[in-house]
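Protein chains in written order, with the working numbering: chain A, 4 to 306; chain B, 34 to 292; chain C, 34 to 292; chain D, 145 to 453; chain E, 20 to 335.
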Amino acid sequence: EKIIKVDGSSTVYPITEAMAEEFQKATKTNVTVGESGTGAGFKKFCRGETDISNASRPILQKEMDACKEAGIQYIELPVAFDALTVVVNHKNDFVKSLSVAELNAIWKSGSSVKNWKQVNPAYPDKALALYGPGTASGTFDYFTEAINGKAKSSRTDYTPSEDDNVLVQGVAGNAGGLAYFGYAYYEENKDKLRAVPISAKAGSPAVMPSPEAVKDGTYQPLARPLFIYVNATAAAFKPEVKAFVNFYLENAPKLVAEVKYVPLPADDYDAVKAHFKALKPGTGFGGKNEIGIKVKDLINRIK
Amino acid sequence: MVNTSTPIKAESKDLNFYYSNGHQALKSVSMPIYENKITALIGPSGCGKSTFLRCFNRMHDLYPGNKYEGQIIMHPDNTNILADGVDPIEVRMRISMVFQKPNPFPKTIFENVAYGLRVRDEKNNRVVADKVEEALKGASLWNEVKDRLNDLAFNLSGGQQQRLCIARALATDPEIMLFDEPTSALDPIATANIEELMNELRGKLTILVVTHNMQQAARISDCTAYMYLGEMMEYGDTDTIFTRPVRKETEDYITGKFG
Amino acid sequence: MVNTSTPIKAESKDLNFYYSNGHQALKSVSMPIYENKITALIGPSGCGKSTFLRCFNRMHDLYPGNKYEGQIIMHPDNTNILADGVDPIEVRMRISMVFQKPNPFPKTIFENVAYGLRVRDEKNNRVVADKVEEALKGASLWNEVKDRLNDLAFNLSGGQQQRLCIARALATDPEIMLFDEPTSALDPIATANIEELMNELRGKLTILVVTHNMQQAARISDCTAYMYLGEMMEYGDTDTIFTRPVRKETEDYITGKFG
Amino acid sequence: MLNNLTELSISPRLAKNIRRNVKERVIEFILMMAALSAVFTTFAIVAILLYESFGFFETVSLVEFFTGTVWTPLFEDAHYGIMPLIAGTLTTSFVALAVAVPVGTIAAIYLSEFASHKTREITKPVLELLVGVPTIAFGYFALLFVTPLLQIIYPDLPGFNMLSAGLVMGVMIVPYIASVAEDAMRAVPMSMREGSYAMGATRFQTALRVVTPAATSGIVAAYILAVSRAVGETMVVAVAAGQQPTLTFDPTEGAATITAYIVQVAMGDLPHASIGYQSIFAAGLVLFAMTLTFNLIGHVVRKKYREQY
Amino acid sequence: MAVTQSKKASVLADLDAVRSMIRRHKFNDLVFAGIGLIALMIGLLTLLTLFVDLVMDGYPRFNLQFFSDFPSRRAGSAGLLSAWVGSILVMAVTFLSAVPVGVAAGLYLEEYAPKNWFSDLIEINVSNLAGVPSIIYGLLALGLFVYGLDLGQSILTAGLTLGLLILPTVIVSTREAIRGIPVAIREAAYAVGATKWQVVSDHVVKYSQGGILTGVIIGMSRAIGETAPIITIGALTFIAFLPPAPVTDVAPFLNFEWLNSAFTVLPIQMFNWLSRPDHAFHINAAATGAIIILVTLLMNGTAIYLRYKIRKNIKW
Ligand SMILES: Nc1ncnc2c1ncn2[C@@H]1O[C@H](COP(=O)(O)OP(=O)(O)OP(=O)(O)O)[C@@H](O)[C@H]1O
Ligand SMILES: Nc1ncnc2c1ncn2[C@@H]1O[C@H](COP(=O)(O)OP(=O)(O)OP(=O)(O)O)[C@@H](O)[C@H]1O
Ligand SMILES: [Mg+2]
Ligand SMILES: [Mg+2]
């Protein structure tokens, strides 16, 4: 029996799961979707254990090397946007917005900020309780890169969890709580949490996370593209994998929105489809994450 | 040895007993227990000797479903100790028991003997110590253990343990003492010691003793009851029972035709 | 009853036995077992009767650490059944045993009796059925159970169960049968039945029987051995032992001075 | 029938001796191998834990591992002091035992000395149900039900705290203590109870003055085995106690335990052979050593009471 | 010692005092019985609260469709099909691996093992394994089965892992069941010349079957709810299909491919749903939790019933 194996980011998981479900219904081809995290996903992908790897950040140099060593080539396909959302307890009414600098002060490695007052003297004297994703997740990597300037560089004295609902519970249960995670979790818990508008630079306008703000590029720097990486050999020689990816890109606009992520603009999907059709292997990033890149530019880089 | 002027301490009247599984272990048993005499119960295994004995301190109440019918009257107060309104604990405070296998508690020698007093909330240490000494002397154990009252009781020999259990029972001044085959788990020397001790208690204490050893019954008791299949077959002076039993069954048993 | 011409079936020679805890339960026990006679073992509780009996079918081998010293010679083949080279299973195939408490298997009556044959890989059902019938007849049980051979053995009464166990032991044609207090768990009627059955086997089978009931020993046995504290105190014709015991200890025991 | 066998008829019986013996030996060997599987399993656990954490201890010195007070193996700024995890483990276990020891002991006494045979026969297996409940359900129960309840009494209590995780864990452990302690009390011979009742003692006096002292070693074994359970419990603490390795013994704070750390990392499925992957085996090794210690002590103590009667 | 008449009389004279003392003692009894009942109830009440909580949250999903549907991104149409099938297959592997080994080990320890350091070693190992946290079994499985033997995250891996987990339970219950058989039965069999294996196979195994089964059921009911070790072997996966069927219509009619299949089980599916952002999934999770509790309840109930029947049927 033919089985398409997908693993990787738990952030991308809901999208791929939706695709897999519909694809199975349409074609009777079995698809398994794991959610072991972007890094673990690439590890398996580069050992040839999976056909497709979900990723909430681009492939890193280490992982490129591992793939190269194993002779695995991959096609990089952006499939959706996510807006990393910073949330506070819904009783917290004093935080109107946070700037990247303030977030950096809170989250940077070795930060000693333990009280809202330390973030901004105007805030009340309230203990700050931090919650965030575990270190294996792409969200962690992206957030630390965007806010602290270096992936995985973060203060360590916060409550990490790979289960985002645990983070939701954490902030919901603590008046001084603050957390960041994918937009979908905020969307579903609006009654318990409040999203904080983010201003990219001190003085620039603060933007609430929303699909529109992501699409028009104003929610910066926490809007990020989500990817799937397809094993190039499988894409070329396994018809079911090829069919699945085509199905994926065809249905993305509808299903991505349905699972509460932000679809790419329509012409971007066309570009991605064309890119996949050409079976062009490689990454547009060169082994480093890059904040705020446009999808078209990205694809054009891969030659 | 017993005559009409000897006061009766207790009396079972038409006593029936049913175990929880429905088995009727005693069938209309009636007999007197004379004050300050030793009464022996004999009979083949399973005839109901232990069952009868354990009615006297309501031991059967510990296990659900057992049922008494009939009466056991205590004198001089004429209480029917099997009556529903009578608290078994009260009965057990008046009637002590010594078991077949010595069963000391995992405590010191002293605390074993003092246990009955502790249970009765006796707080005065002087009183307790006096009673313990008195009881140990009564059980002919004092000289052997007086220097190691704080040793664990388990360290005593089997015969000593049994005498310790007798001391424990004596310490609370019971009105009747029950013995269920008190020597059957002991060696001949310990057996002789216990028999001697019982002889010393004779005349001071009302004793009811179960034994499977007919010669023992003959040696130590004033009266003997022969039971068979839950019934009281014959009761009388020990001498009479052993020399001129009235019933054929008694004679068969005493002469070893069965059992 | 036994004279010099009676052949000896087995013979214990200077038998010492040590339990795994180091306790020496038999001290240099020597005695003959005459062919087709009933030999009784008597003595107070704990004197080593059961221990001695269980040497004959190497039952002690089941528990690690027990140690035999000395010999038990089987005739006519002169095998020392305690020798290291002898397989205990072989010994048990030659010498059967009946226990104190009836211990049927939770199987049908038929399968209980047939078990010894099954163990010997007897596959022929005809042979098995014949042997079972023969054995049940030998144990005087056939008439009572012939219509319900497929009933569970547990549904029999205690006495019937014990006769079933005897049938089980008979079914494999043993050379010697051992009985360890076979009636002490039974009522008088069942006891009488078993005694009668043993009387029937007398002269056909070599039997060694432990009993705590001296009258029983006197009634059923040809020879009697009196044991005390692991030693063979006296051995002889049953009549002699009970009427003119040589040793004071034997007399004390027989007259009930202790035990 | 009953004709005695002669020497001649004996020998055929012995014919099968050798075959019989070989068959017996082979069977015994197979059964022994099965029994040895327990030893193999322990050996495999130790071997895997040692093997996989070997790389870890090449990077991290034992001194740092056991004396460091910061545990952040997965971060850029990595520290490898296991103390915070041990502290979290001990604190949650302590809270759990503070609940389970009194409740379990009382329940055991009740079951063994007060309850009717029927009650006991039904209650014990029903209590065992608590063991069958997926612990993840208990985790969310602690987080979403018990913590809010505690916050009514104690409003400053953070959403993740060791107190509520410990309390729920304590309830889960009650059956272990109740069951083992009750076994020990059952093992006290009835004759000893009868001795006490015959002196006019009540149930409570008998239970307290005779049965409990006689069963001490078994009850202690129950406690020790319960510690081992508490230390090894995973999902409840992972969900409800918070997963932040903080060096604290204050149960009203949140902290990570060893088990919570392992499952948190395992959920993210770290790449094979990375330091993060190795760190869960190192943590596992410590956890195993802790439970092994308690299990062994518990085994010895329990064996002692079993031999006593 | 003087048990004088006056002293005896004093017991009677003090009867009122004695009675009031007894009343006091009995009051203590009552108080303790109350406390004891509460102590028992704490566990049961927690269980009940939890169960009721789950049922209340999950009741919209209690319908047949929930069992016949595959997981889905839409909470309303997501079902347990692959999870319960997976649970059954994993349990089958658990049963087939743990029971023969566990029973054989129990037989060896009770009937064969000499009393020496060797059997002590085994015994200590068994009782230690019974107390090893389940997450450690997960680590063992991760290192040994998943990577060492390269079995991957398959039904086989999960089944073997849980098999190891319940092995001590099976061994212990086997031993207890065997111990319940009186020595007299064994001696009776030996006395007619049975070999050890004949005694064991004709009697010991036969009469302890019920007891062993009881222990196995209790062990399995624990295994069915285990989450941590399965998470550790990395089996958090979207599975919307069934493993290949174990029975086929072509000879040899058996197919072992399912052993290597990816899978999901009930507690993992529950965990998966719990970690979804969409609250509708939490209803599914609650329903699954209630179902797992119900299943363990049924299994334990069966065990209780079996135990009761065995006690009733066999009186040695
Ligand atoms: N707990 C019980 N439940 C049911 N029947 C019992 C119980 N205890 C004893 N019996 C039965 O009651 C009858 C009398 O038993 P009891 O123990 O009183 O005999 P005994 O004369 O003391 O015998 P022994 O000399 O063997 O001690 C016996 O038939 C016995 O089987
Ligand atoms: N398994 C054992 N381990 C150690 N000592 C034992 C064992 N079995 C019996 N003994 C001891 O060996 C001695 C002889 O015991 P045995 O059972 O042979 O006596 P017995 O004469 O059959 O007594 P009874 O009439 O009570 O059956 C006793 O002192 C007993 O305590
Ligand atoms: Mg009795
Ligand atoms: Mg004996």
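Ideal Cβ positions, reconstructed from N, Cα and C, are used throughout, including at glycine.
Please read these numbers as outputs of a predicted model, since none were measured by experiment.
Mapping DSSP to helix, strand and coil, what is residue i?
i: C/Cys-256; result: strand
i: E/Val-22; result: Only weak support is given to the placement of E/Val-22: the predicted model assigns it a pLDDT of 41, under 50, and the value that follows is read from those uncertain coordinates. DSSP places E/Val-22 in coil when its eight states are reduced to three.
i: B/Gln-104; result: strand
i: B/Tyr-52; result: coil
i: B/Arg-91; result: coil
i: C/Ala-204; result: coil
i: D/Leu-218; result: coil
i: A/Lys-245; result: helix
i: C/Ser-45; result: strand
i: C/Gly-296; result: Any question about residue 296 of chain C goes unanswered here, given that chain C covers just 34 to 292.
i: E/Ile-250; result: helix
i: E/Arg-93; result: coil
i: D/Arg-454; result: Given a span of 145 to 453 for chain D in the structure shown, any question on residue 454 of chain D remains unanswerable.
i: C/Thr-112; result: strand
i: E/Ile-243; result: coil
i: C/Ile-122; result: helix
Shortest alpha-carbon distance to residue i belongs to which of the options?
i: B/Glu-264; options: B/Ala-58, B/Tyr-52, B/Asn-36; result: B/Ala-58
i: E/Phe-164; options: E/Ile-204, E/Thr-283, E/Pro-248, E/Asn-319; result: E/Pro-248
i: A/Ala-203; options: A/Tyr-186, A/Pro-136, A/Pro-224, A/Val-116; result: A/Pro-224
i: C/Asp-120; options: C/Val-146, C/Tyr-51, C/Pro-221, C/Asn-90; result: C/Asn-90
i: A/Ala-216; options: A/Ala-235, A/Ser-12, A/Thr-88; result: A/Thr-88
i: B/Gln-193; options: B/Arg-235, B/Ala-218, B/Leu-86; result: B/Ala-218
i: E/Ile-323; options: E/Gly-171, E/Ile-250, E/Ile-236; result: E/Ile-236
i: A/Val-199; options: A/His-93, A/Arg-158, A/Val-233, A/Leu-267; result: A/His-93
i: E/Ile-302; options: E/Thr-315, E/Val-314, E/Pro-119, E/Gln-288; result: E/Gln-288
i: D/Met-411; options: E/Thr-315, E/Glu-276, E/Leu-158; result: E/Leu-158
i: A/Ala-154; options: D/Glu-220, D/Val-409, D/Ile-321; result: D/Glu-220
i: A/Asn-123; options: A/Ile-150, A/Ala-205, A/Ile-62; result: A/Ala-205
Over the uninterrupted alpha helix (DSSP H) stretch that includes residue i, give me the two end residues.
i: E/Asn-303; result: 298-332
i: A/Met-22; result: 16-30
i: E/Ile-61; result: 34-77
Since residue i is in the beta strand (DSSP E), which residue starts that stretch and which ends it?
i: C/Gln-57; result: 57-67
i: A/Leu-225; result: Here A/Leu-225 belongs to no beta strand (DSSP E), and DSSP marks it neither H nor E.
i: A/Phe-84; result: 77-86
i: A/Asn-33; result: 33-37
Quiz item: Got a sec: which bits of the region 330-364 of chain D sit with their beta carbon under 8 Å from any beta carbon on chain B, in order along the chain?
Solution: Pro-333, Ser-335, Met-336, Arg-337, Glu-338, Gly-339, Ser-340, Tyr-341, Ala-342, Met-343, Gly-344, Ala-345, Thr-346, Gln-349, Arg-353, Val-354, Pro-357, Ala-358
Quiz item: Taking a cut of 7 Å between CB atoms, which residues from the region 254-272 of chain D lie near chain B?
Solution: Ser-260
Quiz item: Going along the chain, which residues put their C-beta within less than 6 Å of some heavy atom in ligand 1?
Solution: B/Tyr-52, B/Asn-54, B/His-56, B/Ala-58, B/Gly-76, B/Ser-78, B/Gly-79, B/Cys-80, B/Gly-81, B/Lys-82, B/Ser-83, B/Thr-84, B/His-245
Quiz item: Just by C-beta distance, which residues in the region 128-161 of chain B are closer than 8 Å to chain D?
Solution: Ser-129, Met-130, Phe-132, Lys-134, Asn-136, Pro-137, Phe-138, Pro-139, Lys-140, Tyr-148, Gly-149, Arg-151, Val-152, Arg-153
Quiz prompt | Where the region 281-300 of chain E meets chain A: residues whose CB sits under 7 Å from a CB there | solution = Ala-281, Leu-293, Ser-294, Pro-296, Asp-297, His-298
Quiz item: What residues in the region 103-130 of chain B bring their beta carbon closer than 7 Å to a beta carbon of chain E?
Solution: Asp-110, Asp-120, Ile-122, Glu-123, Met-126, Arg-127
Quiz prompt | Residues in the region 75-96 of chain B having any Cβ partner in chain C nearer than 9 Å | solution = Pro-77, Ser-78, Gly-79
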